[in-house]
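Heads up: the structure comes next, in structure tokens.
In UniProt numbering, the protein residues as written are 1 to 353.
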């Protein structure tokens, strides 16, 4: 029983760590997809948690049934050769760009907090990413089992501190319906947000059923991951709303929001944000390497090294611009695949084993 709970927690933490990257942990992603919609954003944020849980459980069921343990096999068996081939190419591109975006986020943290040149931020995250992915899925689980509880604790402490100092009316005064906003638009932004995050998580989620045969542990891990993402997003959104609209033009909203905190706490926050950037970089590189080395044509470690080195040039671009341009695009292209996963996952449950 205890081992099962620990395993579920590690699965949930890996799911959270895959989603919470530079954009999420820094607040930039939550701000763009939820905070700008005010009251509508609060509602769609809660709905996102349920969508994460349902889709993750569906991925686990489909992956186990079809014996598809990397994202290429998964999408090809689910959607057929042509559509699956298209999504295989798209996910590969997304993961590569995602790795570059994580490296770019690392540069922002080192520049903002430690006043170090970008090359230091890149060199450190590249080295540590390779160190983790060389251990394959065990390295992925170990990294997230440490980083996810740390960032959760920091976000919770920041929430308690801010809402202790600020009147709750400050938050409620910002939970309105902005001009030129609609429930329809807020809902589809939420769907974009969930779709691209789930798409980029496929490489990790499809790999679990190969080594973990317990459906109960997988389902509980999906619940822990989805619920945890919802709670963290809710707290981050509440924090961002207290500093609207000044926070809208900040690359790292959480750093701005906690500007009045003790310097040590702000350094801890910066390290936690960097840790989530790191965990997502590990997830992206692992997913890519697991796919590209699946036919054993190339060494897994050699593929990991090549991915990391090739991701460096794009990481030198502005972090905020990368998030704003690529994330909505990823979401739009991911919607069809996520609908297929939810539908097929439900249908598969009805079939006899």
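C-beta: ideal position from N, C-alpha, C; glycine also.
Model, not experiment: these values are computed from the prediction.
| Item | Value |
| --- | --- |
| Residue 312 versus residue 106 - alpha carbon distance | 11 Å |
| Assigned exposure category for residue 236 - 16 Cβ within 10 Å defines buried | buried |
| Given 8 Å, three or more beta-carbon pairs between the segment 11–30 and the segment 201–219 | yes |
| Residue 316, buried or exposed, once every other Cβ within 10 Å from all chains shown has been counted against 16 | exposed |
| Residue burial classification, residue 333 (beta-carbon count within 10 angstroms, cutoff 16) | buried |
| Integer-rounded CB distance, given that residue 305 should sit under 8 Å from residue 97 | Wrong, their Cβ atoms sit about 18 Å apart, outside the cutoff. |
| Assigned exposure category for residue 309 - 16 Cβ within 10 Å defines buried | exposed |
| CB contact flag (residue 68, residue 60, <7 Å) | no |
| Residue 221 Cβ short of 6 Å to the ligand SAH heavy atom set | With respect to small molecules bound, the structure shown includes none, and the ligand SAH cannot be examined in it. |
| Top-ranked residue by Cα proximity to residue 336, from 127, 86, 261 | 86 |
| Rounded straight-line distance, which links the Cα of residue 268 to that of residue 38 | 29 Å |
| Own chain, CB closer than 8 Å to residue 243, minus 5 neighbours either side, in chain order | 253, 256, 257 |
| C-alpha distance - residue 217 paired with residue 117, whole-angstrom precision | 43 Å |
| Straight-line gap, residue 90 to residue 262 (C-alpha atoms, nearest Å) | 43 Å |
| Residue 209: first and last residue of the uninterrupted alpha helix (DSSP H) it sits in | 208–211 |
| Segments assigned beta strand (DSSP E), at least 3 residues, entirely inside the segment 2–46 | none |
| Cβ pair residue 147, residue 279 closer than 7 Å | yes |
| Local conformation of residue 103 per DSSP, three classes | helix |
| Exposure label - residue 127; buried when at least 16 CB within 10 Å | exposed |
| Segments assigned alpha helix (DSSP H), at least 4 residues, entirely inside the segment 228–316 | 253–257, 263–292, 300–311 |
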